[in-house]
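K.L.:
Residue numbers (the numbering used here), protein chains in the order written: chain A, 1 to 212; chain B, 213 to 472.
We put the beta carbon where it would ideally sit given N, CA and C, even for glycine.
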């Protein structure tokens, strides 16, 4: 990605955040009409966050509905002038934890599809690259779901949601050093999962090269 | 982490991003991800990248409108006022202790002013918005939640008794004060639970414990203002146990209402 594109993405992201914060301020003050705007700006991010936490697109959709309802109930407690995203992520995580602790989730957990194949295939990638990408994503997904929620949340917030360490620590209600430890433990697990995934692929390549 | 390990991870991390080592191209939108404080993490592909998708359905908002900011503030103010009036009315009815002449200033400060100050501090810390709108840091929460009840007990047992007493009805007076202090705590706890619904998105248990602790400390301090006993065991158990009970109720029960 070029520097210009990077800067453009960053600016767009900041503009979106600013628009979201303004909308949330109005919503917290009682302007119900702005909810659709909040939903448009926040919905996809929360959905992706919940998807990464739960490992299931269906669960993420249900949890998103629940999260938005909780945001509606909690809007009066939102502090004017503060960032909306960390506040919303904290509520979304509470929804996920409630969901995980419910008996219904425990029954259905074994049948959850781990990877949404349509989410990992790139349009411009070749079939081989797409397969590799799918395998990598599957390895990450499996490793994420295999680790504790505490580590998973810490890593997802810092790596994928782009929160600062201070913000992520506030979302999880822990110290910054505890967050770093959790995130690095998660990173180690993911790194090993990717290493394990690539080993058979490398050995197959070597075998092919030798036989050729 | 060992130096060589760091190097190995860094190399691997970079290779994942560029797809050189593993052959994994950047089809996950990695480059679209925001920069993190940990460049190492950039090497982990995203299993659920943000992308153009059909919009999820907009949830139907419940008919009972949630209170906006002003309504929440008003509700909290009413709860705080009702709690203070509740406890002070009891003090007015039961009366203030009359042995002031025999009490040194340090004793009064330790038994009454310090708990009152800690109650205010606990409430302030619990409701503080912090830099990110999610409250103060975890260390402040833990420290205040532990310091409040601990300071009350240290004051009860650590400050020298101003004069000797021979209380023949130790257990009766202990249970009377315990029951009264618990009753004084009950309404502030209930009011806090109702007025702080969905108030804490993060660290809700600690913040609720602080609210409970604040109610307990306020009631304990007011009980010290009423009860003429200077027996450390009486103060510690009869006036101090409700603080622990209120903190525990906050962390375990009230949190169900206060967590957003």
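Please list the partners that residue 410 of chain B has in chain A, where partner means a Cβ-to-Cβ separation under 7 Å.
P.N.:
70, 73, 74, 77
K.L.:
My output table needs one value for residue 430 of chain B: the three-state DSSP class, helix, strand or coil.
P.N.:
helix
K.L.:
I need the straight-line Cα distance from residue 140 of chain A to residue 148 of chain A, nearest angstrom please.
P.N.:
14 Å
K.L.:
Closest Cβ-Cβ distance between residue 103 of chain A and chain B: below 8 Å?
P.N.:
no
K.L.:
Using the beta-carbon count (16 or more within 10 Å), is residue 49 of chain A buried or exposed?
P.N.:
Buried, by the Cβ-count rule.
K.L.:
Looking only at its chain, what residues have a beta carbon closer than 7 Å to the beta carbon of residue 13 of chain A, apart from the 5 residues adjacent to it on each side?
P.N.:
none
K.L.:
Do residue 81 of chain A and residue 230 of chain A come within 8 Å of each other at the CB atom, strictly closer than that value?
P.N.:
Missing from the structure shown is residue 230 of chain A; chain A here goes from 1 to 212 and no further.
K.L.:
I need the DSSP call for residue 155 of chain A, collapsed to helix, strand or coil.
P.N.:
helix
K.L.:
Looking at chain B, is there any beta carbon in it that lies within less than 8 Å of the beta carbon of residue 170 of chain A?
P.N.:
yes
K.L.:
With distances taken from CA atoms, which of A:191, A:197, A:182 is nearest residue 255 of chain B?
P.N.:
A:191
K.L.:
Which residue marks the beginning of the alpha helix (DSSP H) containing residue 294 of chain B, and which one marks its end?
P.N.:
281–306
K.L.:
Does DSSP put residue 471 of chain B in a helix, in a strand, or in coil?
P.N.:
The answer is strand: DSSP assigns residue 471 of chain B an E or B state.
K.L.:
Identify whether residue 253 of chain B lies in helix, strand or coil by the three-state DSSP scheme.
P.N.:
Residue state, collapsed to three classes: helix.
K.L.:
With DSSP collapsed to three states, give me the class of residue 412 of chain B.
P.N.:
When DSSP states are grouped into helix, strand and coil, residue 412 of chain B belongs to the strand group.
K.L.:
List the whole-angstrom C-beta distance separating residue 170 of chain A from residue 432 of chain B, where the pair is believed to meet the contact cut-off of C-beta under 8 Å.
P.N.:
Actually they do not touch by this definition, with Cβ atoms about 31 Å apart.
K.L.:
Between the alpha carbons of residue 459 of chain B and residue 273 of chain B, how many angstroms are there, rounded?
P.N.:
34 Å
K.L.:
Cβ atoms of residue 302 of chain B and residue 365 of chain B: under 8 Å apart, would you say?
P.N.:
no
K.L.:
If we require 4 or more residues per run, which alpha helix (DSSP H) segments fall completely within the stretch 312–371 of chain B?
P.N.:
317–320, 326–339, 350–370
K.L.:
Which residues, in order along the stretch 46–66 of chain A, keep a beta-carbon less than 7 Å from a beta-carbon of chain B?
P.N.:
47, 48, 51, 52, 61, 64, 65
K.L.:
Along the chain, where does the alpha helix (DSSP H) that runs through residue 132 of chain A open and close?
P.N.:
127–146
K.L.:
From what residue to what residue does the alpha helix (DSSP H) around residue 47 of chain A run?
P.N.:
It spans 35–54 - the alpha helix (DSSP H) in which residue 47 of chain A sits, taken as one unbroken run.
K.L.:
I'd like the list of long-range same chain contacts for residue 89 of chain A, defined as Cβ closer than 8 Å, with 5 residues on each side in sequence excluded.
P.N.:
46, 49, 157, 161, 163, 171
K.L.:
Check each candidate in B:452, B:407, B:352 and name the one with the smallest Cα separation from residue 386 of chain B.
P.N.:
B:452
K.L.:
Report yes if the CB atom of residue 353 of chain B is closer than 8 Å to the CB atom of residue 419 of chain B, and no otherwise.
P.N.:
Yes. Within cutoff.
K.L.:
If the cut is a Cβ gap below 8 Å, which residues of chain A does residue 341 of chain B touch?
P.N.:
Here the neighbours are 79, 82.
K.L.:
Have a look at residue 322 of chain B and residue 250 of chain B and give me their C-alpha separation to the nearest angstrom.
P.N.:
48 Å
K.L.:
For a contact defined as C-beta to C-beta under 9 Å, what are the partners of residue 290 of chain B on chain A?
P.N.:
Chain A residues near residue 290 of chain B: none, gap ~14 Å exceeds 9 Å.
K.L.:
For residue 294 of chain B, collect the residues of the same chain with a Cβ closer than 6 Å to its Cβ; drop the 5 residues on either side in sequence, then sort them by chain order.
P.N.:
Same-chain partners within the cutoff: 403.
K.L.:
At a CB distance below 7 Å, what residues from the stretch 436–467 of chain B approach chain A? Give them in sequence order.
P.N.:
Result list empty, no residue passes.
K.L.:
Any beta carbon of chain B sitting closer than 8 Å to that of residue 38 of chain A?
P.N.:
no
K.L.:
Could you tell me which of A:198, A:154, A:188 sits nearest to residue 178 of chain A, measuring between CA atoms?
P.N.:
A:154
K.L.:
For residue 284 of chain B, return the contacting residues in chain A, with the cut-off set at a CB-CB distance below 7 Å.
P.N.:
Contacts between residue 284 of chain B and chain A, judged by CB atoms closer than 7 Å, involve 76, 77 in chain order.
K.L.:
Could you name the residues of the same chain whose beta carbon sits closer than 6 Å to that of residue 408 of chain B, not counting the 5 residues immediately before and after it, in chain order?
P.N.:
Same-chain partners within the cutoff: 470.
K.L.:
So, is the C-beta of residue 423 of chain B closer than 8 Å to a C-beta in chain A?
P.N.:
no
K.L.:
If I measure Cβ to Cβ from residue 357 of chain B and keep anything under 8 Å in the same chain, skipping five residues before and after, which residues do I get?
P.N.:
334, 418, 421, 422, 425, 459
K.L.:
Identify the contact partners of residue 141 of chain A in chain B, using a Cβ-Cβ distance below 9 Å as the criterion.
P.N.:
259, 260
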